[in-house]
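So the structure is just underneath, and the comments pick up after that.
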DNA sequence: AACACCGAAACATCCGAGGTCTGTTGCAGG
DNA sequence: CCTGCAACAGACCTCGGATGTTTCGGTGTT
């Protein structure tokens, strides 16, 4: 095994064993390199790799630190991974979201504070009648993120965040807006909000299921009918 | 932004744009370095990072290749991330698994082939009466993986695989065996298997829920109930 | 007390020289 | 003609040092 990989494991072990706690500073490059028995160059490769997945945080002129290691930070790295999956496996990712989102929404109906619910309502009102695609995406993202956050489970929240990341969403929205499904989506968002406000987890879950399934159905038709993206075929889809 | 990070993005873009397809070989280090406008050392850091998350695959003496980019490979990297979360957030991870596992089991009841179901049954029979902890963990892992795989959704499968990774499991099992819950677990596994074999998705889902919830409940008690105030403080726990 | 300057510490980047592994090529033997 | 072995070239691996940049903290001036 390459020395760099060994170094990655060593550092990982140092963190897991508790020798390095979140927020701690690592020994300086030269020192740590000697201690692990390799050159600075190789050590830097290891550090860079751990940096990509948000385990370490290097600050030039200061030092290298262990991050907070909170779930949202680490799962965040998954966004990067999801970016690599575009057309082919989008439906698989969406299917997972269809499982998680209703569950998160139900949990949110139980755990969200009144203040957070109020903010959720504000969010709905902020959207103009004819919003730009960018505003729409941003609002949609915030709405679902707030609900996920309201589930009280940071892992679930981060996971959903990664799945519905900014990447795949824009394209979907663009398509949806072209078919004038904005109104329907807004209705569903409102319904989800009201179910949460009424503290009705099962109702919230159902609306969330309907909501995600609608997008899924639409997407399935959009890229399922044929590989030809210009084929708009059935405008139906979406919901019913 | 550091040149290395720029390089990571550049390579990422080259892959996403299709310039580099899965399985393709990258230009040699020196060449790519010049093309991206940085030194070989810095490029190597970028490559190493992308290697950690299974996007690239370097083979000494041969060259650097883009991996298949299949979901299982990329999500696999999440196992590495999950390893960093031990005692504190295990329950959050388990809660997510409690959402996904029943859904996957229900899907498996619908989609698994008869041959795969037969293999699942074989797996159950392979376990001895008084297995070692290692054998138990291995068998349990295989059982759930096979079901996840049977869901037909590779993303869901990989995600579950990461969540129930080998790390957190061993400890849980050790505890469970000490309380003699092995028999109960085996019963539940059998029930799940029979529900799948009978093609009863809802029954399979319920058994899976019961199964995971049992582990969750046990773990919650084992770790100390004082964590979640909303959690029922019933001493009920898991076993009978 | 507030601000500007300066130097030490630490990371960022680059370079060039060996080392090691892998796939291929060419030759000899069957 | 096919097979097996050995040498070769290509590509990555590792190293250590030199130089640039950024940050932090101490110092002196206003």
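Residue numbers (the working numbering), protein chains in the order written: chain H, 24 to 263; chain L, 24 to 263.
Note that CB positions come from ideal geometry on N, CA and C, so glycine has one too.
Practice prompt. Spell out whether any CB of chain H is found under 8 Å from the CB atom of residue 67 of chain L.
Written response: Residue mapping note: residue 67 of chain L aligns to position 44 of the second chain, counting from 1. Residue 67 of chain L counts as touching chain H.
Discussion item. Run through chain L and tell me which residues come within less than 7 Å of residue 101 of chain H, C-beta to C-beta.
Written reply: Here residue 101 of chain H refers to the residue found at position 78 when the first chain is read from its first residue. Per Cβ cutoff of 7 Å: 101.
Practice prompt. List the residues of chain H whose Cβ lies closer than 8 Å to the Cβ of residue 56 of chain L, in chain order.
Written response: Counting from 1 along the second chain, the entry for residue 56 of chain L is found at position 33. Residues of chain H passing the Cβ test: none, with the nearest at roughly 14 Å.
Worksheet entry | First through last residue of the alpha helix (DSSP H) which encompasses residue 238 of chain L | To locate residue 238 of chain L, count along the second chain from 1; it is residue 215. Element bounds for residue 238 of chain L: 224 to 246.
Fill in: Which of helix, strand or coil DSSP assigns to residue 115 of chain L
By one-based count along the second chain, residue 115 of chain L stands at place 92. The answer is helix: DSSP assigns residue 115 of chain L an H, G or I state.
Practice prompt. Give the DSSP-derived three-state secondary structure of residue 89 of chain L in the structure shown.
Written response: Here residue 89 of chain L refers to the residue found at position 66 of the second chain. In the structure shown, residue 89 of chain L adopts extended strand secondary structure according to DSSP, grouped into three states.
Discussion item. I'd like to check one pair, residue 214 of chain H with residue 196 of chain H: are the Cβ atoms closer than 8 Å?
Written reply: Reading the first chain from its first residue, position 173 is the one you call residue 196 of chain H. Reading the first chain from its first residue, position 191 is the one you call residue 214 of chain H. Taking 8 Å as the cut-off, the beta carbon of residue 196 of chain H is found no closer than this to the beta carbon of residue 214 of chain H.
Fill in: Residue-level contact to chain L via CB, residue 108 of chain H, 8 Å cutoff
The count along the first chain starts at 1 and reaches residue 108 of chain H at position 85. Residue 108 of chain H counts as touching chain L.
Item to complete: Assign residue 259 of chain L to one of three DSSP states: helix, strand, or coil.
Response: Taking the first residue of the second chain as 1, we reach residue 259 of chain L at position 236. In this prediction, residue 259 of chain L has a pLDDT of 37, which is less than 50 and means its spatial position is unreliable; what the coordinates show is noted afterwards. Reduced to three states, the DSSP call for residue 259 of chain L is coil.
Discussion item. I'd like to check one pair, residue 236 of chain L with residue 122 of chain H: are the Cβ atoms closer than 8 Å?
Written reply: For this step, residue 122 of chain H is matched to residue 99 along the first chain. For this step, residue 236 of chain L is matched to residue 213 along the second chain. Not in contact: residue 122 of chain H and residue 236 of chain L (Cβ atoms no closer than 8 Å).
Worksheet item: residue 71 of chain L touches chain H at which residues, Cβ-Cβ below 8 Å?
Response: Locating residue 71 of chain L in the second chain gives position 48, where the first residue counts as 1. The answer, in chain order, is 27, 68, 69, 71, 72.
Worksheet item: Cα separation between residue 73 of chain H and residue 31 of chain H?
Response: Position 50 of the first chain, counted from the start, is the residue given in the question as residue 73 of chain H. Position 8 of the first chain, counted from the start, is the residue given in the question as residue 31 of chain H. Looking at the two C-alpha atoms, the distance is approximately 7 Å.
Worksheet item: What residue from H/233, H/238, H/174 has the CA that sits closest to residue 202 of chain H's CA?
Response: On the first chain, residue 202 of chain H is found 179 positions in, with the first residue counted as 1. If we check each option's Cα against that of residue 202 of chain H, H/238 comes out closest.
Discussion item. Measuring alpha carbon to alpha carbon, tell me which residue in L/68, L/171, L/106 is nearest residue 134 of chain L.
Written reply: Position 111 of the second chain, counted from the first residue, corresponds to residue 134 of chain L. For the residues L/68, L/171, L/106, the minimum Cα distance to residue 134 of chain L belongs to L/171.
Worksheet entry | Distance CB(residue 129 of chain L)-CB(residue 228 of chain L) smaller than 8 Å | Taking the second chain and counting its residues from 1, the one referred to as residue 129 of chain L is at position 106. Taking the second chain and counting its residues from 1, the one referred to as residue 228 of chain L is at position 205. For the pair residue 129 of chain L and residue 228 of chain L, the CB atoms are nearer than the 8 Å cut-off.
Practice prompt. Leaving aside the five residues before and after residue 43 of chain L along the sequence, list all residues of the same chain whose C-beta is less than 6 Å from its C-beta, in chain order.
Written response: As a working mapping, residue 43 of chain L is identified with position 20 in the second chain. Excluding residues within five positions, the ones whose Cβ falls inside 6 Å are 37, 89.
Worksheet item: Taking buried to mean at least 16 other C-beta atoms within 10 Å of its own C-beta, is residue 211 of chain H buried or exposed?
Response: Residue numbering aside, residue 211 of chain H sits at position 188 when the first chain is read from its first letter. Under the 10 Å beta carbon count, residue 211 of chain H is surrounded by 16 or more other beta carbons and is classified as buried.
Discussion item. Tell me the residue span of the alpha helix (DSSP H) that contains residue 70 of chain L.
Written reply: Taking the second chain and counting its residues from 1, one reaches residue 70 of chain L at position 47. 63 to 75 is the extent of the alpha helix (DSSP H) around residue 70 of chain L.
Fill in: Near-chain H residues of the region 174 to 189 of chain L (beta-carbon distance less than 7 Å), N- to C-terminal order
Under the 7 Å Cβ criterion, the region 174 to 189 of chain L contributes 176, 177, 178, 179, 182.
Practice prompt. Use the C-beta contact count for residue 82 of chain H: other C-beta atoms within 10 angstroms, 16 or more gives buried, fewer gives exposed.
Written response: Counting from one through the first chain, the residue named residue 82 of chain H turns up at place 59. Of the other Cβ atoms in all chains shown, fewer than 16 fall within 10 Å of the Cβ of residue 82 of chain H; this residue is therefore exposed.
Item to complete: Answer with buried or exposed for residue 221 of chain H, where buried requires no fewer than 16 other C-beta atoms within 10 angstroms of its C-beta.
Response: Translated into the one-based positions of the first chain, residue 221 of chain H becomes position 198. Answer is exposed; the Cβ neighbour count stays below 16.
Worksheet item: So, using beta-carbon positions, are residue 180 of chain H and residue 244 of chain H closer together than 8 Å?
Response: The count along the first chain starts at 1 and reaches residue 180 of chain H at position 157. The count along the first chain starts at 1 and reaches residue 244 of chain H at position 221. No, the Cβ-Cβ distance between residue 180 of chain H and residue 244 of chain H is not below 8 Å.
Worksheet item: From the beta carbon of residue 251 of chain H, is the nearest beta carbon of chain L less than 8 Å away?
Response: Within the first chain, the letter at position 228 stands for residue 251 of chain H. The predicted model places residue 251 of chain H with a pLDDT of 43, which falls under 50 and marks its position as unreliable; any figure quoted below should be read in that light. No, residue 251 of chain H does not count as interfacial toward chain L.
Practice prompt. Using three-state DSSP, classify residue 58 of chain H as helix, strand or coil.
Written response: Your numbering for residue 58 of chain H matches position 35 in the first chain. In the structure shown, the three-state DSSP call for residue 58 of chain H is helix.
Worksheet item: Is residue 178 of chain L helix, strand or coil by DSSP?
Response: In the second chain, counting from the first residue as 1, residue 178 of chain L sits at position 155. In this structure, residue 178 of chain L counts as helix in the three-state DSSP scheme.
Worksheet item: For residue 79 of chain L, which of helix, strand or coil comes out of DSSP?
Response: Stepping through the second chain from its first residue, residue 79 of chain L is reached at position 56. If DSSP states are grouped into helix, strand and coil, residue 79 of chain L belongs with the strands.
Worksheet item: Using the rule of at least 16 other Cβ atoms within 10 Å of the residue's Cβ for burial, across every protein chain shown, is residue 208 of chain H buried or exposed?
Response: The residue you call residue 208 of chain H lines up with position 185 of the first chain. It is buried - the Cβ of residue 208 of chain H has at least 16 other Cβ atoms within 10 Å.
Fill in: According to DSSP, residues forming a beta bridge with residue 48 of chain H
Stepping through the first chain from its first residue, residue 48 of chain H is reached at position 25. Beta-bridge pairing links residue 48 of chain H to H/88.
Discussion item. Rounded to whole angstroms, what is the Cα-Cα separation between residue 114 of chain L and residue 144 of chain L?
Written reply: Counting from 1 along the second chain, the entry for residue 114 of chain L is found at position 91. Counting from 1 along the second chain, the entry for residue 144 of chain L is found at position 121. Put simply, the backbone Cα of residue 114 of chain L is about 30 Å away from that of residue 144 of chain L.
Worksheet item: Using 8 Å as the limit for Cβ to Cβ distance, is residue 112 of chain L near chain H?
Response: Along the second chain, one-based indexing puts residue 112 of chain L at 89. Cβ-Cβ to chain H under 8 Å: yes for residue 112 of chain L.
Practice prompt. For my contact list, residue 178 of chain L and residue 70 of chain H are in at a C-beta cut-off of 8 Å; report their separation, rounded to the angstrom.
Written response: The count along the second chain starts at 1 and reaches residue 178 of chain L at position 155. The count along the first chain starts at 1 and reaches residue 70 of chain H at position 47. Rounded, the Cβ-Cβ distance is 30 Å, inconsistent with contact.
Item to complete: Can you tell me which of H/186, H/152, H/53, H/85 puts its alpha carbon nearest to the alpha carbon of residue 47 of chain H?
Response: On the first chain, position 24 is the one that residue 47 of chain H refers to. Measuring from the Cα of residue 47 of chain H, the nearest candidate turns out to be H/85.
Practice prompt. Taking C-beta pairs closer than 8 Å, name the residues in chain H that residue 76 of chain L reaches, listed in chain order.
Written response: Here residue 76 of chain L is taken as the residue at index 53 of the second chain, counted from 1. Under the 8 Å cutoff, chain H gives 75, 76, 100, 103, 104.
Discussion item. Measuring straight from C-alpha to C-alpha, what distance separates residue 140 of chain L and residue 97 of chain H?
Written reply: As a working mapping, residue 140 of chain L is identified with position 117 in the second chain. As a working mapping, residue 97 of chain H is identified with position 74 in the first chain. Spanning the two alpha carbons is a distance of roughly 36 Å.
Worksheet item: Taking just the CA atoms, how far does residue 76 of chain L sit from residue 104 of chain H?
Response: Residue mapping note: residue 104 of chain H aligns to position 81 of the first chain, counting from 1. Residue mapping note: residue 76 of chain L aligns to position 53 of the second chain, counting from 1. Near 8 Å, if we compare the C-alpha coordinates of residue 76 of chain L and residue 104 of chain H.
Worksheet item: CB-CB under 7 Å to residue 108 of chain L, same chain, minus the five flanking residues each way: which ones, in chain order?
Response: To locate residue 108 of chain L, count along the second chain from 1; it is residue 85. 116, listed in sequence order.
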